[in-house]
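Here the structure comes first, spelled out in structure tokens, and everything after it is commentary.
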Amino acid sequence: MSFEARPLRAISVFLAVVLVFFAIHEAGIADEKFTVLRVGLLIDGSGREPVEDAIIVIKGKRIQAVGKESEIQLPQGSQVIHFRNKTAVPGLVDAHAHYREWQGEIYLSHGVTSAFDVGDNPLSWRLAQKEGIDKGKILGPRLLTAGRMNRPAALDTGEGGTRGRTEIYVKDPVQAGVEVERLAASGVDIIKALEDLTVDDLRVMSEAALKTGKRVVAHSINGTEAVLAGVGIHSIEHSHSVALATVTSPEGRKKLHEARTRRSNRMTTQEVHSFMEEDTYEQIIQALVSKNVCWTPTLATTWRAFSPQRGRFQTRELKLFSLPGLRYLPPYFRENTQEYFLGTTHLDSELLERSQAGYRKLQDFIRGFVKAGGRLQTGSDPNSVLPGLAIHREIELLVEAGLTPFEALMAATRSPSECAGRGDDFGMITPGRFADIVILDANPLQDISAIERIHMVFKEGQPRRPGYRSDYRNPIPRPAPDRPAPEIEELTPESVTQGDGPILLAIKGKNFLGTAVVKLNGKPLPSKVKFRPSRFPQNFRRGTEIEATIPPELLHRAGTYPVVVEHPGTGGALSNTIYLVVKFR
Ligand SMILES: [Zn+2]
11 MSFEARPLRA ISVFLAVVLV FFAIHEAGIA DEKFTVLRVG LLIDGSGREP
61 VEDAIIVIKG KRIQAVGKES EIQLPQGSQV IHFRNKTAVP GLVDAHAHYR
111 EWQGEIYLSH GVTSAFDVGD NPLSWRLAQK EGIDKGKILG PRLLTAGRMN
161 RPAALDTGEG GTRGRTEIYV KDPVQAGVEV ERLAASGVDI IKALEDLTVD
211 DLRVMSEAAL KTGKRVVAHS INGTEAVLAG VGIHSIEHSH SVALATVTSP
261 EGRKKLHEAR TRRSNRMTTQ EVHSFMEEDT YEQIIQALVS KNVCWTPTLA
311 TTWRAFSPQR GRFQTRELKL FSLPGLRYLP PYFRENTQEY FLGTTHLDSE
361 LLERSQAGYR KLQDFIRGFV KAGGRLQTGS DPNSVLPGLA IHREIELLVE
411 AGLTPFEALM AATRSPSECA GRGDDFGMIT PGRFADIVIL DANPLQDISA
461 IERIHMVFKE GQPRRPGYRS DYRNPIPRPA PDRPAPEIEE LTPESVTQGD
511 GPILLAIKGK NFLGTAVVKL NGKPLPSKVK FRPSRFPQNF RRGTEIEATI
561 PPELLHRAGT YPVVVEHPGT GGALSNTIYL VVKFR
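Residue numbers (this note's numbering): 11 to 595.
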């Protein structure tokens with residue numbers, strides 16, 4: 011293959027000449043070589059017309075020149091890589107990541123070279139990841155990191171709410187402003203405003219952020235309302251916050267929010283969209299567009315099971331799970347994704363109809379937003395969808411909503427880079443930007459599903475074939491479990507008699523994931539977590555009861571046996587220990 015070919019001898023001669031010229035002015039230039047990509051078609055992400063038979067000149071980490079083959083003079087001794095019948099697009103961007111230690115290789119394999127981590131990671135860890143990736147020590151996409159803030163009211167929403175996350179809680183707008191300054195000083199790129207902050211909080215936060223050059227990203231249900239009230243928000247996350255904003259009555263909005271976040275018999279996020287009021291679309295779109303607010307609807311995570319393409323999406327995702335190279339995927343993550351598809355298979359017809367009506371309303375809004383000049387960003391929100399792959403789905407669902415493939419690609423490239431204030435660094439294949447380039451086997455403008463047919467990914471000029479290695483490990487693991495650790499409160503029975511069995515052991519406690527395993531004296535027992543019945547699969551499903559069966563052979567000897575609950579695999583956790591007493595017969 012051509013790119014493995016040794017650089018011509020001429021390159022060293024050429025570099026020597028360069029060195030003589032620049033050694034005094036520019037240290038380190040010896041490390042930088044020219045690489046030239048010849049591609050069949052270039053879609054540069056800037057919004058310019060695609061270019062056939064294009065040349066991309068890479069120098070070190072950045073793009074030096076781009077243009078038609080006939081217009082560009084190649085630097086002497088360049089290493090040329092031929093991608094004759096292939097299409098080059100910019101490295102994709104995930105504007106709504108929940109980064110975890112196991113995701114780096116997956117992101118790159120799907121052509122995602124930048125991700126905005128708005129998730130619930132310990133700040134010290136996310137900064138260490140960002141730095142490690144920038145230094146080339148950790149395999150992964152370039153990270154932009156967020157600090158997260160909320161009102162303490164959210165602490166009580168429990169399961170499915172914000173409990174156990176790592177945000178900063180504020181009581182009033184003054185404190186909100188102080189915390190933004192503190193976060194900015196700590197090195198975050200983005201301030202993420204969560205659900206329950208008020209419009210006044212958001213106003214003070216955005217002013218403080220502006221002073222420090224940081225951006226406020228609003229997950230808050232008040233985000234869109236704040237924009238309407240003139241607050242400087244950079245982007246709105248998810249589709250439900252926009253959906254709620256279209257509801258004219260404040261009580262109606264509040265009711266829907268409560269219904270969506272309450273503990274039991276919760277209204278599904280999809281259903282919320284069926285209450286969107288079309289009459290208000292224009293006013294909201296105008297406000298968002300005139301204030302240049304970006305929007306990350308995170309479609310794939312919520313809507314891909316409601317797409318007519320669902321079958322293909324599901325087959326592809328579940329097939330990936332069986333790849334030996336992806337053995338490192340956390341069990342809870344596999345379960346969430348399977349649950350998402352299975353759960354949406356058996357919806358009652360009324361709920362299904364309402365969800366689909368909500369989807370159509372949202373698609374109308376998306377088309378109107380883009381037509382009015384609104385800037386969309388693709389975001390994965392990967393709780394039950396594979397990060398990286400989710401960005402392909404986002405792009406495809408945007409096309410399904412009525413965007414052209416060209417517009418959908420912009421939402422994954424230029425738009426998010428500019429929304430983050432990093433348009434000079436990535437998101438386009440133009441001179442000066444990082445050489446983040448995805449080489450596709452087919453032209454996505456003809457068939458958008460070609461976005462998944464990745465031949466090679468360049469990040470900062472470094473080529474990599476897509477693929478997964480089961481021994482992929484992050485050298486700096488996340489210093490906390492991905493999901494809250496299980497806690498045991500009660501064991502029934504507390505004692506048994508030697509030789510008994512099989513015994514049904516009932517454990518009460520909290521935070522039991524579906525994948526939880528009970529261990530007796532270090533030995534795993536057949537275990538089953540009990541969940542409250544729900545109308546819909548939930549990403550943050552946590553049980554309070556587990557039943558486990560102890561076979562008689564584990565009770566041969568009297569003694570005091572430790573019992574724990576384990577969430578196995580990457581990102582897993584271990585509970586506290588409780589003891590089972592085994593009496594003499
Ligand atoms: Zn999120």
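Note that beta-carbon positions come from the ideal geometry of N, C-alpha and C, so glycine has one too.
Which residues does DSSP list as the beta-bridge partners of residue i?
{"i": "F522", "result": "G553"}
{"i": "I66", "result": "L47 and V76"}
{"i": "F126", "result": "L154"}
{"i": "H577", "result": "A583"}
{"i": "I447", "result": "P100 and F468"}
{"i": "P473", "result": "F468"}
{"i": "Y571", "result": "L590"}
{"i": "W305", "result": "I246 and L386"}
{"i": "L535", "result": "V528"}
{"i": "V241", "result": "In the DSSP output, where bridge partners are listed per residue, V241 has none listed."}
{"i": "A558", "result": "L515 and S537"}
{"i": "A61", "result": "The question names Ala, yet the displayed sequence has Val at residue 61. The partner list for V61 (beta bridge, DSSP) reads L52."}
{"i": "Y179", "result": "N160"}
{"i": "I201", "result": "G157 and V226"}
{"i": "A658", "result": "Past the boundaries of the shown model lies residue 658; the chain is included only from 11 to 595, so the question cannot be answered."}
Taking the C-alpha atoms as reference points, what is the distance between residue i and residue j?
{"i": "T525", "j": "P494", "result": "13 Å"}
{"i": "H229", "j": "P536", "result": "40 Å"}
{"i": "L149", "j": "P485", "result": "10 Å"}
{"i": "Y571", "j": "A490", "result": "27 Å"}
{"i": "G174", "j": "L212", "result": "Here the model assigns G174 a pLDDT of 44, short of 50, so the residue's position is not dependable and the matter cannot be decided."}
{"i": "L361", "j": "E281", "result": "7 Å"}
{"i": "E431", "j": "E499", "result": "It is Gly, not Glu, that sits at residue 431 in the sequence shown. For G431 and E499, the distance between alpha carbons rounds to 48 Å."}
{"i": "D510", "j": "L564", "result": "9 Å"}
{"i": "H465", "j": "V448", "result": "8 Å"}
{"i": "V184", "j": "D199", "result": "21 Å"}
{"i": "D492", "j": "L413", "result": "35 Å"}
{"i": "E177", "j": "I201", "result": "11 Å"}
{"i": "S274", "j": "R551", "result": "11 Å"}
{"i": "I143", "j": "P151", "result": "7 Å"}
{"i": "W313", "j": "Y369", "result": "7 Å"}
{"i": "N586", "j": "I513", "result": "22 Å"}
{"i": "I34", "j": "L372", "result": "Caution is warranted here: a pLDDT of 34 is assigned to I34, below 50, making its placement in the model unreliable, and no coordinate value can be reported."}
{"i": "A253", "j": "A203", "result": "18 Å"}
{"i": "P17", "j": "N453", "result": "Any reading at P17 must be qualified, since the residue scores a pLDDT of 43, below 50, and its modelled position is unreliable; the value itself is stated next. Taking the straight line joining both Cα atoms gives about 29 Å."}
{"i": "V103", "j": "R272", "result": "33 Å"}
{"i": "Q366", "j": "F316", "result": "7 Å"}
{"i": "V122", "j": "A239", "result": "35 Å"}
{"i": "K593", "j": "R567", "result": "9 Å"}
{"i": "D481", "j": "G335", "result": "8 Å"}
{"i": "T554", "j": "N521", "result": "7 Å"}
{"i": "A219", "j": "V575", "result": "43 Å"}
{"i": "N160", "j": "E81", "result": "53 Å"}
{"i": "V527", "j": "Y350", "result": "21 Å"}
{"i": "M11", "j": "D391", "result": "Residue placement at M11 is flagged as unreliable, the pLDDT there being 35, under the threshold of 50; a coordinate-derived value is accordingly withheld."}
Considering residue i, what are the terminal residues of the beta strand (DSSP E) in which it resides?
{"i": "K96", "result": "Q89 to P100"}
{"i": "M466", "result": "I464 to K469"}
{"i": "Q373", "result": "Not the beta strand (DSSP E): Q373 falls in the alpha helix (DSSP H), residues S359 to K381."}
{"i": "T502", "result": "E497 to T502"}
{"i": "V227", "result": "R225 to A228"}
{"i": "S505", "result": "S505 to T507"}
Hey, out of the options, whose CA is closest to residue i's CA?
{"i": "F343", "options": "L523, Q472, S259 and I201", "result": "L523"}
{"i": "A418", "options": "P426, S427, E406 and C429", "result": "E406"}
{"i": "K96", "options": "G50, V395, D63 and V103", "result": "G50"}
{"i": "T208", "options": "R72, V237 and T222", "result": "V237"}
{"i": "P487", "options": "D127, K43 and P132", "result": "P132"}
{"i": "G477", "options": "N346, P578, R337 and I458", "result": "R337"}
{"i": "F126", "options": "S480, I82 and L154", "result": "L154"}
{"i": "G437", "options": "E292, I53 and R225", "result": "I53"}
{"i": "F416", "options": "G55, L47, R48 and F44", "result": "G55"}
{"i": "G581", "options": "R192, I458 and R483", "result": "R483"}
{"i": "T354", "options": "P340, R320 and Q472", "result": "R320"}
{"i": "G442", "options": "G70, E189, E59 and L47", "result": "G70"}
Assuming residue i and residue j make a contact with CB atoms under 8 Å, what is their CB distance in whole Å?
{"i": "R158", "j": "D130", "result": "7 Å"}
{"i": "H120", "j": "H402", "result": "7 Å"}
{"i": "V303", "j": "I231", "result": "Wrong, their Cβ atoms sit about 15 Å apart, outside the cutoff."}
{"i": "E557", "j": "K533", "result": "Contact flag wrong, Cβ pair sits at about 16 Å."}
How far does the alpha helix (DSSP H) with residue i in it extend, from its first residue to its last?
{"i": "R432", "result": "Segment: none, R432 is in no alpha helix (DSSP H) and carries neither H nor E."}
{"i": "T234", "result": "G233 to L238"}
{"i": "A194", "result": "P183 to S196"}
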